[in-house]
Amino acid sequence: MSEAVEYERIGDIAVLAANNPPVNALGVDVRRGLLAGIERAEAEGAKAVLIYGKGRTYFAGADIREFGKPPQEPWLPGLCDRIEASPLLVVSALHGTALGGGLEVALSSHYRIAVPSAKVGLPEVNLGILPGAGGTQRLPRVAGVEAALDMITTGRHVRADEALKLGVIDKVQDGDPREIGLAYAQELLDSGAPRRAVGEMPAPDPVDFDAVYEAVLKKGRGQLSPAVAVRAVQAACEAPSFAEGMARERELFMQLMESDQRKGLIHAFFAERAVGKLPELKGVEPRPVHQIGVIGGGTMGAGIATAALLAGLPVTLLEMTQEAAHAAKDRIAGNLAGALKRGKISQQQHDAILSDQLQLATGYDALSAVDLVIEAVFEDMDVKKQVFAQLDAVCKPGAVLATNTSYLDVNEIAAATKRPQDVIGLHFFSPAHVMKLLEIVVADKTAPEVVATGFALGHRLKKVSVRAGVCDGFIGNRILSTYRTCADHMVLDGASPFQIDKALTDFGFAMGPFAVSDLAGLDIGWAVRKRKRAEGLDPRARDSSYADKLCEAGHFGQKTGKGFYVYEKGKRGGTPNPEVLDLIAADRAAQGITPRTFTDDEIVRRYMVSMVNEAAKVVGEGIARRPLDVDVVLLYGYGFPRYRGGPLKWADLQGLPGILDDIRAWSAEDDYFWQPAPLLEKLVAEGRSFDDLNKDAE
Ligand code: T1G
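Under the working numbering, the first residue of the sequence shown is numbered 1, with each subsequent residue one higher.
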């Protein structure tokens, strides 16, 4: 087996080359190799040491897979101190992404050179921790406190040119990292450059750390790591010595390492990478997609077309009339203007997309050559069946026929064609060119290579794609329907929509369920409730009328200026609409309900437990392949707080037995809504967790 760190002598320079694909994570073998390399260079009388990474990048950080396991020596902080203390001139040559512990090793070197495309960063807060190998002590010394606080509390990646300006690196030069590193080391030796230990530099000037702490804590919406990292940087300014600053950093790092937030964020990191790894896709080749068609140029169709255009795909957008087609193009132009403003595309790309890449059409024949079509027409089964019958007649053999439906039965849509094996659901979330989640809905007859094609398209559109089976609402909307109903029940029983929203934003959601309904449009929920009543509601199901009354009065939320909240032009957010409380009181009276009080804790517990219970049904029925698939859907499509890892990670951390006990206790008051998921009962009986199920699937 090749060594994790390869040693080589080039004249007076000892070269330590990391060789730990895919990202040169600083696992124990790499750490041991670096320590041995430094010691060997010193013993052999070298004058300088060059550290760089083979393959795609310099060290991308500590090995996250080691977290939660007993740490093995040498530990990274000590290794960094040892590198810095070397009497030799230590140079790091950076390429790819020098992140976390990787940048910390570079900062413990005496000089740093990078290729222009290199990026550096300390993204530990995104994993629920903080730079724990001297980053909070060394970065402020080279870049100043303000820049260090910005990089550390945001975790953002900094390009080489900015890093040079900040003093994080000393030189930017194009070329092979090993070659430019050797040349730079030799140049330093020839010029008699001194060792330059960052840890021996003076402590940086302080700022108002309490004010920064409060501001960062507020921005974190419950996530602690960025704010705790501020206190570590404060130690760089205030600790009596560098060593005491390091000790303070270590103390705060260990506190965060033990936190549930670290467990949640690490789970999210690996889950979002695991969702695309499905055994059923192993060795399955996707069909090539060089051009696509989109049918329907409304908000969703225009958003989907925009996402494909931004990914460089030629798009033919089909509408029923020229006027509608041009209205769709205007929507796309509006989306692109946003991308241009955000620097996602250049003016030239913007213009080329609208002049060449996008083609408008009003006849199905225009789709005869496309490799894949995405239908985004009105959410009506008859309309969709007609569209798919036409596509079946016009599209070339092997073309993938996808529907963007958010809940309709994809099997029924596929049956409207003679090629059900080519039909799949690609459920985008609005706005489709911004939201990263894509549910890939696999119908009974969908061919494996069509599923693989869906995932390949999702990857190309930079989506996080999750496989879903066919049911009403697939994964996300089915679970949403349940926890939204739970919120309605709590309103009927005494809680106010405003208390519920606040309790859930305090829990970490970006918005509460009632504010979300106002944003999406109350008419959508109204239509769903009417559809379900028309299909025949189970007599045991609780129903409510207060939201219908709002809609009957024409209040659909933000788009009409009033819903659960009242919205004033130009003002962000809304204020509670007092009329709602009267409608709720009338609804309770009509149902003979005597309202009771709810604590915020009970609101969160019921809301979350209903979400977990439905999620367990979704996994148990095979609609979602694994618990982590549900977590990723809720994280990327429903504003679930990332530091909690997703509903099923949260459930594991809470303890499944207690969750099941609550469901059984509440089923005494409503045994229709609170029916324990069989999978949850099974896991509790076996003493297992949702994470155990994730591991079973590996
Ligand atoms: N440890 C272990 N595995 C890692 C890893 C890491 N740090 N980073 C990536 N991988 C795996 C990843 O799971 C995937 O595996 C493969 O590499 C390719 O990754 C003391 C304690 C580097 C920008 O937070 O941001 O240092 O799925 O698909 O899109 O202060 O990976 O192929 O099996 O993401 O090109 C700090 C995390 C750690 C960087 C590349 N470092 N990684 O993105 O590829 S904490 C980070 C990333 C720390 C110290 C503390 C990205 C990337 P698989 P990928 P990519």
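Don't be surprised by glycine CBs; every beta carbon is placed ideally from N, CA and C.
Cut-off 6 Å between Cβ atoms - residues of its own chain near residue 463, not counting five sequence neighbours on either side = 436, 438
request  = Would you kindly report the start and end of the unbroken alpha helix (DSSP H) that includes residue 394?
outcome  = 381-394
request  = Please indicate yes or no: does the CB of residue 77 lie closer than 8 Å to some heavy atom of the ligand T1G?
outcome  = yes
message = What does the alpha-carbon distance come out to for the pair residue 626 and residue 281?
response = Using only the alpha carbons, I get a separation of about 15 Å.
ask   = Which partner residues does residue 437 have in the DSSP bridge list?
value = 464
message = Quick check: is any heavy atom of the ligand T1G less than 8 Å from the C-beta of residue 23?
response = Yes.
message = Does the beta-carbon of residue 413, which I'm using as the reference point, lie nearer than 8 Å to any heavy atom of the ligand T1G?
response = no
task = Give the range of the beta strand (DSSP E) segment to which residue 610 is assigned.
result = Annotation: residue 610 is outside any beta strand (DSSP E); the continuous alpha helix (DSSP H) that includes it extends over 600-620.
Rounded C-alpha distance that separates residue 174 from residue 116 = 6 Å
ask   = Does the distance from the CB of residue 603 to the CB of residue 490 come in under 9 Å?
value = yes
task = Report the rounded CA-to-CA distance for residue 183 versus residue 11, giving the unit in angstroms.
result = 12 Å
key: Backbone secondary structure at residue 141 - three-state DSSP   = Correct three-state label for residue 141: helix.
query = Taking the alpha carbon of residue 542 as the point to measure from, which residue in 254, 550, 529 has its own alpha carbon closest?
reply = 529
Below-9 Å beta-carbon distance, residue 498 vs any chain C residue = The structure shown contains no chain C; it is built from a single protein chain.
ask   = Going by the CB atoms, is the gap between residue 364 and residue 322 shorter than 9 Å?
value = no
message = Can you look up residue 428 in the DSSP assignment and give me helix, strand or coil?
response = strand
request  = Note down, one range per segment and in chain order, each beta strand (DSSP E) of at least 3 residues found wholly within the region 93-175.
outcome  = 97-99, 111-114, 119-121
query = Exposed or buried, residue 694, counting other C-beta atoms within 10 Å across all chains shown (16 or more means buried)?
reply = Its Cβ being crowded by 16 or more others within 10 Å, residue 694 is buried.
query = In its own chain, which residues sit with a C-beta less than 6 Å from the C-beta of residue 699, not counting the 5 before and 5 after it?
reply = Residue numbering for the chain in the displayed model covers 1 to 698; residue 699 lies beyond these limits and cannot be assessed.
ask   = How would you call residue 14, buried or exposed, if buried means at least 16 neighbouring beta carbons within 10 angstroms?
value = buried
query = Hey, would you say the C-beta of residue 281 is under 8 Å away from at least one heavy atom of the ligand T1G?
reply = no
task = Answer with buried or exposed for residue 112, where buried requires no fewer than 16 other C-beta atoms within 10 angstroms of its C-beta.
result = buried
task = Look up residue 535 in the DSSP assignment and give the residues it is bridged to.
result = Looking at the DSSP assignment, residue 535 forms no beta bridge with any residue, so it has no partner.
inquiry  = With DSSP as the reference, identify every bridge partner of residue 358, one or two as the case may be.
reply    = 315
query = With a CB to CB cut of under 7 Å and the five nearest residues on each side skipped, what residues in its chain are close to residue 609?
reply = 659, 662, 663
ask   = Do residue 467 and residue 313 have their C-beta atoms closer together than 9 Å?
value = Their beta carbons are not under 9 Å apart, which means residue 467 does not touch residue 313 by this criterion.
ask   = Skipping 5 residues on each side, what residues in its chain have a beta carbon closer than 6 Å to that of residue 166?
value = 143, 147
ask   = Would DSSP call residue 8 helix, strand or coil?
value = strand
request  = Classify residue 90 as helix, strand or coil using the three-state DSSP reduction.
outcome  = If DSSP states are grouped into helix, strand and coil, residue 90 belongs with the strands.
ask   = What did DSSP end up calling residue 271 once you bin it into helix, strand or coil?
value = helix
task = Enumerate in chain order the residues of its own chain whose CB-to-CB distance from residue 82 is below 7 Å, with the five nearest sequence positions on each side excluded.
result = 35, 38
task = Kindly indicate which residue of 451, 357, 355, 421 has the alpha-carbon position closest to the one of residue 277.
result = 451
message = Would residue 99 and residue 60 qualify as a contact pair, given that the criterion is a beta-carbon distance under 9 Å?
response = yes
ask   = In chain order, what residues of the same chain lie with their CB nearer than 7 Å to the CB of residue 523, ignoring the 5 residues before and after it?
value = 551, 556
request  = With a cut-off of 8 Å on the beta carbons, I'd call residue 708 and residue 421 a contact; round off their distance for me.
outcome  = Outside the modelled stretch of the chain, which goes from 1 to 698, sits residue 708, for which no answer is possible.
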